[in-house]
Amino acid sequence: MMCAHVDNSIGFEFPMTTSDEVALSQYMRQVRHEVDELLANVATYGEGCPRVLEDAIRHILLAPGKRLRPMLVLMASDACGHRSNVSLASACAVEMIHTYSLIHDDLPAMDDDELRRGLPTVHVAYGEANAILAGDALLAQAFEVIARCDASPEKVVRCIRELTEAAGPCQLVGGQVDDLQAENSVGNVEQLQRIHERKTGAMFRVALRLGGIAAGGEDEQITRLDTYGRHLGLAFQIVDDLLDEQGDTEQLGKQTGKDTEHGKLTYPALMGVEGSRDLAADLIRQACQQLDIFGETAEPLRQLAYFVLERNN
Ligand code: GRG
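See the structure below:
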């Protein structure tokens, strides 16, 4: 089998066979297609929704994001051997919550960004009030998408509870508050990890957990998926910090150098570029170890882990 060494802009090298790459990219395209179709559908509103709100939502929701979190939901269901209607609904719901968090994070009161997914941010294109409201609408609608699933009430309630927890004050929102408060402060790696486990990691973990729950996975499988998500989320964040420092604005579809501009605590600032790369690679190895119990069905999750490490956008 041919082996291609992927060498990206931040310098990771991992062996990935060309046939692995083809299979992963086909699988990712297929998942993206399914998720995009459902997102376009759920973001088509009837009477009552002002045109400007619908436009603002569709502007960012249907823009070319990587769709990593919905992929994780579907790959987790596949790893457990069964994709259900709750899997697809959960995939859309996590992407809607992630998108709301991006809209709000880009606001002048937070990161004040002008470019996202290669497009003007929502507040730049539609005004600040509409951006706040588009985020609010996506957050609410995410839960509606799951609540409308034709599945057992127990499963639906469990998914909604897990998602509210992950998006709530002790996870996503709490992590964001601490991240903003840590700007221009002297911190350490433990503090940084605690911020990112909530700000970035919680949504990765819940995506995997929902995929497992939707598939009717066993507790041990869901725990393994959760731990895989914890390691993957941190590695993703480290790569994000490296890309902010060394990546390319056009390729990323968002401005680079923002972390330094905002005096953010980052992994490269605390551990150096080499130390950060080593830690990210180590986390990916640990993530993949969690998948041992699944065998072949978890192959896409293994490959996605290396994709996260090697990504350049
Ligand atoms: C506003 C409650 C609230 C939370 C904001 C998402 C977030 C939390 C902040 C975004 C800023 C940032 C750089 C976070 C770290 C990593 C991250 C979540 C990057 C964006 O995710 P990608 O790269 O984006 O998966 P796409 O556009 O591909 O979906």
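For the sequence shown, the numbering used here gives the first residue as 6, with consecutive numbering after it. The beta-carbon is built from N, C-alpha and C at its ideal position, and this holds for glycine as well.
Neighbourhood of residue i by C-beta, 8 Å cutoff - its chain only, sequence neighbours within 5 removed
i	result
residue 298	225, 226 and 229
residue 320	Any property of residue 320 remains undetermined from this structure, which presents the chain solely from 6 to 318.
residue 133	112 and 113
residue 163	218
residue 168	95, 98, 99, 102, 147, 148, 151, 211 and 215
residue 161	91, 151, 152 and 154
residue 247	15, 272, 273, 278, 281, 282 and 285
residue 3	In the structure as shown, the chain starts at 6 and stops at 318, and residue 3 therefore has no counterpart that could be examined.
residue 117	111
residue 131	57, 60, 61, 64 and 139
Bridge partner(s) assigned by DSSP for residue i
i	result
residue 125	120
Cβ pair residue i, residue j closer than 9 Å
i	j	result
residue 64	residue 127	yes
residue 239	residue 198	yes
residue 66	residue 79	no
residue 242	residue 201	yes
residue 75	residue 40	yes
residue 203	residue 179	yes
residue 236	residue 292	yes
residue 48	residue 124	no
residue 105	residue 144	yes
residue 206	residue 275	no
residue 222	residue 81	yes
residue 73	residue 244	no
residue 196	residue 270	yes
residue 249	residue 264	yes
residue 120	residue 258	yes
Contacting residues, own chain, Cβ-Cβ under 7 Å from residue i (five flanking each side not counted)
i	result
residue 86	220 and 302
residue 2	Only positions 6 to 318 of the chain appear in the structure, and residue 2 is not among them; the question remains open.
residue 90	154, 155 and 156
residue 83	302 and 305
residue 288	236, 239 and 240
residue 50	59
residue 256	317 and 318
residue 33	76
residue 194	275 and 276
Own chain, CB closer than 6 Å to residue i, minus 5 neighbours either side, in chain order
i	result
residue 29	308
residue 268	188 and 189
residue 42	none
residue 70	122
residue 232	295
residue 88	82
residue 300	none
residue 55	none
residue 234	209, 210 and 213
9 Å Cβ cutoff, residue i in contact with chain B
i	result
residue 50	Absence of chain B from the displayed structure is noted, only one protein chain being present.
Worksheet entry | Segments of 3+ residues assigned as beta strand (DSSP E) that fall wholly inside the stretch 38 to 119 | none
Fill in: Those runs of the alpha helix (DSSP H) which lie wholly inside the stretch 164 to 213 and span at least 4 residues
177 to 186 and 194 to 201
Practice prompt. Within the stretch 204 to 266, note down every full alpha helix (DSSP H) run reaching 4 residues or more, in order along the chain.
Written response: 207 to 219, 224 to 251, 254 to 257 and 263 to 266
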